[in-house]
Amino acid sequence: MTEEFTPLTIQDYVAQALTTDQRSDSGSLTFPLLGLFGETGSLLSEVKKKQRDRASYLGYAGAVVEELGDVLWYLTTVAARGGLSLGDIAGNLNRGYADWQRAPDGLLSFASLQPPIMTRRAEPTPAFEKTLLQLAGEVGLLMTDHEAGRLTNNQAALAGRLVAIMRTLIQAANEAGVTLEAAAVKNLNKIFDRWPRERIYPAPLDESAEAEEKLPRDLYVDVFERKVRGQTYVFQRCNGLNIGDRLTDNAMTADDYRFHDVFHYAYVAVLTWSPVIRSLFRLKRKSDPKIDEAQDGARATLIEEGVATWIFGQAVALNFFADVKVGELPFDMLKHIRQFVAGYEVEQIPLWLWEEAILQGYAAFRFLREHRRGRLHIDTNNRRLTIETLL
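Shown next as C-alpha cells:
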C-alpha cells in the first residue's frame, strides 16, 4: 500500500515559516523588506555565476531552488508584518491593483499555482533572466513605496505590490522548471535545521560502536599553563595523567590558540564527534576498519582541525562570541562548516547543534583566556561542556 501524497498548502507553509521570524516582535516592514531585496539579488547572482562559470559552477540548479525558497520566506514575512497572508496574495493573482480583496478561507496548494509538468533547467534561459530582472524591478517598486511612506496604513497598496511580486515569482519558477512547493519544503528544512521548533538531540554518532571505542560520556580534563625553560606551554591532565602534547599558539602574534583543544572537547560533548580526541585518547573504532579509516583517520582529523581554525578566524573579529546568544551565530558560517565536513558522519548534525557546540567551546575558551587554567567537564549525556576554577 503506497502512502498518499498530500500537497503542501500555502497556509501550512505560512504557519510553519512564521515561527522562525526571529524579529517578529518589532512589527516593522523594514527588516523583511531588506531581506526580500537581498534574496532577490542573490537569485540574480546565481544566474550571473552560472553565466560566468558555465562548466565549473555545478551548484546552479540546487541554488536556484534554495534562493526561490528564501524569496518566498521573506515575501511571507513582509505580508504578515502588513497584516496579510501569502494565501491572500496568491488568491488575488488574477486581480488588478485596485481590485484586491481577502482570499476565501479554502486551502490553496502551491501545486495549484503552476503547470503540472515543467522542464527542469540546468542553465538559465533568456526568458528566466528577463523575468528575474522584472522581479527585481517589482521588489524595487515595493521598496520605493515603503521609503516614500505610501504603504503606511494602506494595506491595499501593499497587497497590490506583493501580488505583482508573487505573480512574477511564479513565472520565474515556471521558467526555471522549479516547483514552488519544492522551494518551500527546502526552505522549511533549512530554517528548522537552523532554528528548530523543538531541540531534540540526535543519538550519539558512535552509539553502535563497541563500548571501549566510544567517546567519553562523562569526563573531567584539567587545562593549565606552565613555564618550561622560559617558554609558556599549555598542559592537559586527565585522571592524574598528562595527555597530548604541550601546546603553544604556533603563531607570530600571541592569540591564546594554545587553549584551542577546548573546541574539540566541545565537539565531543555536544556533537558526539571528534577524530582529534579519538586519536588523543586512543578511541579509534578499530573494530570496523572502514569507519576507522574514513571517519577516524588522518584526513578526518585534518578536517576537524581545519574547522576549528577557520571558526577561530571568524571568532577573533567577534570578540570570541562573547556577546552572541543562541540563535545569533551567522547562518553563512554554519553553512560553510557543513560544507567543510561534507562526506563525514558529522555532516548529519543539525546546524543548531553546531551552534551550541561552538558557543559552549568559546565560553570555556574565554574562561581560560582570563584565568589561564580550568577544569573542563565533558558531559555528553546532557550535551554540555562546562568549565570551573582549577585550584
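When you line the sequence shown up against this note's numbering, it's residues 212 to 602, in that order. Each residue gets a CB set at the ideal place from its N, CA and C atoms; glycine is no exception.
Under DSSP, the beta-bridge partners assigned to G585 are V434. Per the coordinates, the alpha-carbon of R410 lies some 31 Å from the alpha-carbon of R510. From the listed residues E257, Q550 and A291, the smallest Cα separation to Y224 is found for A291. DSSP assignment within the stretch 357 to 438 yields the following whole alpha helix (DSSP H) runs of 4 residues or more, N-terminal first: 366 to 387 and 391 to 405.
Note on geometry: alpha-carbon atoms of R469 and L458 lie some 5 Å from one another. The Cβ atoms of G298 and Q222 sit closer than 9 Å to each other. Listed in chain order, the alpha helix (DSSP H) runs fully inside the stretch 234 to 300 are 241 to 263 and 271 to 292, counting runs of at least 4 residues. Just measuring C-alpha positions, the residue of E423, P326, L369 and T379 sitting nearest L344 is T379. Separation of L353 and R372 (C-alpha to C-alpha, rounded to the nearest whole angstrom) is 6 Å.
The C-beta separation of M329 from N385 comes to about 6 Å, placing the pair in contact by the 8 Å criterion.
Contact between E424 and L494 holds, with the beta-carbon distance rounding to 6 Å and staying under 8 Å.
If you draw a 10 Å sphere on the C-beta of N398, you find 16 or more other C-beta atoms in it, and that means buried.
Membership of Q447 in the beta strand (DSSP E) is indicated by the continuous run Q442 to C449.
Taking 9 Å as the cut-off, the Cβ atoms of P427 and V479 count as close. Less than 9 Å separates the beta-carbon of L244 from that of H357. From the listed residues E599, P407, R265 and R577, the smallest Cα separation to G585 is found for E599. DSSP places L545 in no beta strand (DSSP E) but in the uninterrupted alpha helix (DSSP H) bounded by F542 to F551. Shortest Cα-Cα distance from P337 to any of V258, L545 and F532 involves V258. When beta bridges are read from the DSSP output, E599 appears opposite R586.
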